[in-house]
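Asks: Its first residue numbered 7, the sequence shown is counted upward by one per residue in the numbering used here.
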Amino acid sequence: MVKVEEAEKLFKGYYTARYTIKDPANPPTFAEIADNVKEYLSEDEYNAQILNRYYSIPSLVAKEINKSIVVQDVKLEEQRKNEDGTIDYTYTTEFKVYDENSSKVYEKEGEVTITTIDHELKVTRDWSRGIKIDGLDGGL
7 MVKVEEAEKL
17 FKGYYTARYT
27 IKDPANPPTF
37 AEIADNVKEY
47 LSEDEYNAQI
57 LNRYYSIPSL
67 VAKEINKSIV
77 VQDVKLEEQR
87 KNEDGTIDYT
97 YTTEFKVYDE
107 NSSKVYEKEG
117 EVTITTIDHE
127 LKVTRDWSRG
137 IKIDGLDGGL
């Protein structure tokens, strides 16, 4: 039985590894972010995210607007327990985008599926709506 607190801890670790950019002038590489998130994901989800180049986006955003990014909070709400043992959640994640002169908090919403693989919680699906970041044509 997966407790929401355990799922939130896993998800926050995963999003922190995926989105934290401390130095926008020298952001982590795609390979570094991929290596950092691998422990949180099922093999299939990891490979899908690699193919979709998910790990290049945070670094590109931070570099373009010259601001750091940090995950401040995540909230999961259980939606359903599936017959295959997975659990679907909706989530809200708060990001702080900042530099020495300003900061702004953005919220990102999405859905995530979590399961237990070899006695460890893993994300098997992550879908989210993009968020518009001030000063940028695109977003996270």
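Even for Gly, the Cβ is constructed at its ideal location relative to N, Cα and C.
#1: For the candidate residues 38, 130, 104 and 115, whose alpha-carbon lies nearest to that of residue 67?
#2: Which residues bound the alpha helix (DSSP H) around residue 38?
#3: In the DSSP assignment, what are the bridge partners of residue 132?
#4: Please classify residue 74: does DSSP put it in a helix, a strand, or coil?
#5: Counting only the same chain and skipping the five closest in sequence on each side, list residues whose C-beta sits under 7 angstroms from that of residue 142.
#6: Is the region 131–141 touching the region 111–119 in the sense that three or more CB pairs, one from each, lie closer than 8 angstroms?
#7: Cα separation between residue 111 and residue 102?
#8: Where do the ends of the alpha helix (DSSP H) carrying residue 51 lie?
#9: Please report the Cβ distance between residue 64 and residue 20, rounded to the nearest whole angstrom; I am assuming they are in contact, meaning their Cβ atoms lie under 8 angstroms.
#10: Have a look at 130, 139 and 37 and flag the residue whose alpha-carbon is nearest the alpha-carbon of residue 91.
Replies: Reading from the atomic positions:
#1: Mapped onto the sequence shown, residue 67 falls at position 61. Checking every option, the nearest Cα to that of residue 67 belongs to 104.
#2: Indexing the sequence shown from 1 puts residue 38 at position 32. The continuous alpha helix (DSSP H) containing residue 38 extends over residues 36–43.
#3: Locating residue 132 in the sequence shown gives position 126, where the first residue counts as 1. For residue 132, which the question treats as bridged, DSSP gives the partners 118.
#4: Along the sequence shown, read from residue 1 onward, the residue named residue 74 stands at position 68. Strand, per DSSP.
#5: Along the sequence shown, one-based indexing puts residue 142 at 136. Around residue 142: 67, 70 and 71.
#6: yes
#7: Locating residue 111 in the sequence shown gives position 105, counting from the first residue. Locating residue 102 in the sequence shown gives position 96, counting from the first residue. Each residue's Cα considered, the two are about 4 angstroms apart.
#8: Looking up residue 51 in the sequence shown gives position 45. Residues 49–57.
#9: Within the sequence shown, numbered from 1, the residue matching residue 64 stands at position 58. Within the sequence shown, numbered from 1, the residue matching residue 20 stands at position 14. A Cβ-Cβ separation of about 13 angstroms leaves residue 64 out of contact with residue 20 under the 8 angstroms criterion.
#10: As a working mapping, residue 91 is identified with position 85 in the sequence shown. Checking every option, the nearest Cα to that of residue 91 belongs to 130.
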